[in-house]
Amino acid sequence: MKRKHKIMLARIIVSLSVFVAAMILTGAKIITNEYIYAGLLLLSYFIVGWDILWRAVCNIVHGKVFDENFLMSLATVGAVITGEYPEAVFVMIFYQVGELFQSIAVGKSRKSIASLMEIRPDSAVVERDGKAETVDPFDVRIGEIIVVRPGEKIPLDGVIIEGSSSINTVALTGESAPGDVTVGDSVMSGCVNLTGLLRIRVSREFQESTVSKILELVENSGANKSRSENFITRFARVYTPIVVVAACLLAVIPPLITGAGDAAIWKSWIYRAMSFLVVSCPCALVISVPMSFFGGVGGMSRRGILVKGSNYLEALAKCDTVVFDKTGTLTQGSFEVTKVYPANEHCEKSELLNLGALCESASTHPIAQAICSAAKVQNGIDKSRIGNVEELAGYGIHAVIDGSDIYAGNLRLMDKIGAKVNPVNEIGTVVYISRTDEYLGCILLSDILKSDSKDAIAALREQGVRRVVMLTGDKKDVAANVAVKLGITEYYSQLLPADKVSKVERLLDSANGQLAFVGDGINDAPVLARADVGIAMGGLGSDAAIEAADVVLMDDKPSKIPLAIKAAKRTLDIVKQNIIFVLVVKIIILVLVALGLAGMWAAVFADVGVAVIAILNAMRAMKIK
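Position in the sequence shown (from 1) plus 4 gives the number in the working numbering.
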């Protein structure tokens, strides 16, 4: 328990003790003077409620009149004026008890999110001039070598150049099982090195690192509020002044009609009006609804699903169409060269593979990396042969090699440059290569399905997703082969980046609910931005895709998508439960108070009790299964 909570608890105990003592001593006729009795109760009232009264006055001075502090102050001061000292004191005590529970609950929720912040490294050990220096991660530059000992957090993204170890990625991906890494493997900041000493060459500065991007996403998630949150905010602004006016009318109009000169009647209706104000306090909604979304976003963060705002969480819950990119999303994106087909005897397989690798050597695309990897194994790559390199979006690569124009890409590229090819009719991805318009041959590559892709598709349908679509730039037979294996019946192939946007536009027009697009590459960024919910593969995905996306999956697992939708639906259900519960209880008690069938005690439950119940219910959103 925090210090402020302990102080509040002490105030409540002292105030309650004075209150009980006054009631007992008065009941036992030990205190007979009504002024002493009233003085003790007022003392109890001010011990527990002075901060509420002070905040109400300060808010009025600053133009913020209609809040819970004002309502509670007005109600209890009114009760004091009418001589209802015990009820004024007890209302304030009970209200502060509720506020204490709320503060502890909110603190617990925020603590669960704050635990995520522990992934931020405090320092990095960098090798400079033959010495190991401990520095701030912000001061480490790309290309420098850092040393990470067993038990330490990896402070920056990089590639291992020496050592082997197991690393714990639970803070980033939500996966508890450690993974083994060795020389050549990429590692992300925020992971914990478990067993061996690692020397890592830094690939990103700290402000661009994985851990920084995660923290930025979580910290900024509250800025994008859901429609429900915005509605509650607007509702509270209108609702509170209305109930204050209604309470004033309740205190004045009935006694004027029934007995303007009868003090007892006036007292009775003022008492009802004060109870009305206590009931009408909107804090149960104002706190519990944002807290539900906050808990949902936090719970998903701990499972490696980063949601940039509660508005996207709300959209996820209403998804009826999910559109997937293929390569790197449903497949591993780790291609392997399976065959090399020279066009004639004048071009060796090794030289054809080498030309493909020289063209692709500057690209980070998985296909390019696979070709380069195969060429390195066979011949090595002499980059001094490379002149100018140009990426042709949706077509391939144009490079000047040994002074000649070399093209590497798809059939559309060959058609564009006028090269006559012999199309390969095998399942896989084919990269065709030509020297100007002279066809030299092609390289056949195959991609592997992610282990959980098929289960993810099935789980999406179980979550009520009506339509699952796959988009790809690959040729039709490759797309059809993948679609059949995954159980996807609707797919579109041979799409350029612009074609994907157009296709998503048409799918948006026919969607009954929200449309989510899942991608990983830089060419997916426009589609991610256009969809109702853009979901990016964050572990291996491009920075552009992550920036454009609304939801980021840190472990690149498609199975996290149905989990995200399930969690979003659960969070929205909790929000609806709280709204309905709070409004129904308050309306019933308001009617009973207005009719004189319920008093201040019921009003206290309708305010504080309902708020505590709603907040405890909201905390369930943090638990993602």
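Where is the CB? At the ideal position from N, CA and C, for every residue including glycine. Small disclaimer: the values here were computed from a predicted structure and weren't measured.
- Check the Cα spacing between ASP409 and each of THR138, TYR443, LEU599 and ALA379: the tightest is with TYR443.
- Assignment of GLN518 by DSSP, reduced to helix, strand and coil, places it in the strand class.
- Taking a cut-off of 8 Å on C-beta distances, the region 590-599 touches the region 269-289, as three or more cross pairs fall below it.
- As DSSP reads the structure, ALA412 sits in a beta bridge with ILE401 and ILE437.
- The residue among ARG624, LYS424 and VAL488 with its C-alpha nearest the C-alpha of THR440 is LYS424.
- Of the residues ILE309, ILE149, ASP126 and ILE158, the one whose Cα lies closest to the Cα of LYS135 is ILE149.
- Assigned with DSSP and collapsed to three states, ASP456 falls in coil, not helix or strand.
- Partner residues in the beta bridge of THR325, as assigned by DSSP, are ARG471 and LEU519.
- Within the region 116-175, the beta strand (DSSP E) runs of at least 3 residues that lie entirely inside it are, in chain order, 128-132, 135-139, 149-152, 162-166 and 169-172.
- The C-alpha of GLU509 lies about 8 Å from the C-alpha of ARG534.
- In the DSSP annotation of this structure, the continuous segment of the beta strand (DSSP E) that includes VAL537 starts and ends at 537-541.
- In this structure GLY188 is in contact with ILE164, their Cβ atoms being roughly 7 Å apart against a cut-off of 8 Å.
- As DSSP reads the structure, ARG205 sits in a beta bridge with ILE149 and VAL163.
- For TYR99, the closest alpha carbon among the candidates MET623, ALA615 and LYS629 is that of ALA615.
- When rounded, the separation of the alpha-carbon atoms in VAL185 and LEU490 is 30 Å.
- Taking the Cβ atoms as the reference, LEU104 lies roughly 18 Å from SER77, outside the contact range of under 8 Å.
- Taking C-beta atoms as the reference points, TYR399 and ILE437 fail to come closer than 9 Å.
- Within the DSSP secondary-structure output, VAL341 pairs in a beta bridge with LEU449.
- The C-alpha of ILE16 lies about 7 Å from the C-alpha of VAL101.
- ILE34: not part of any alpha helix (DSSP H); DSSP gives it neither H nor E.
- Pairing VAL144 with LEU201 gives a Cβ-Cβ distance that is not under 9 Å.
- For PRO259, the closest C-alpha among the options VAL608, ALA250 and ILE274 is that of ILE274.
- Three or more Cβ pairs closer than 8 Å define a contact, and the region 477-493 falls short of that threshold against the region 366-382.
- Secondary structure of THR244 (DSSP, three-state): helix.
- Note on geometry: alpha-carbon atoms of ASP478 and GLY147 lie some 35 Å from one another.
- A direct Cα-to-Cα measurement between ILE371 and LEU532 gives close to 22 Å.
- In summary, SER457 is buried, with 16 or more beta-carbon neighbours lying within 10 Å of its beta-carbon over all protein chains present.
- The way I'd put it, the region 344-357 doesn't touch the region 466-476; fewer than three beta-carbon pairs between them come closer than 8 Å.
- Contact between SER450 and PHE339 holds: CB atoms are separated by about 7 Å, below the 8 Å threshold.
- Collapsing the DSSP output to three states places ASP577 in a helix.
- DSSP lists no bridge partner for ASP559.
- Taking all protein chains shown into account, GLN518 has 16 or more neighbouring C-beta atoms within 10 Å of its C-beta and is therefore buried.
- In this structure, CYS363 is the residue among GLU349, CYS363 and ILE390 with its C-alpha nearest to the C-alpha of LEU396.
- By the neighbour-count criterion, in which a residue is buried when 16 or more other Cβ atoms sit within 10 angstroms of its Cβ, ILE584 is exposed.
- By the neighbour-count criterion, in which 16 or more other beta carbons inside 10 Å mark a residue as buried, TRP54 falls on the exposed side.
- LEU310 places its beta carbon less than 9 Å from that of MET558.
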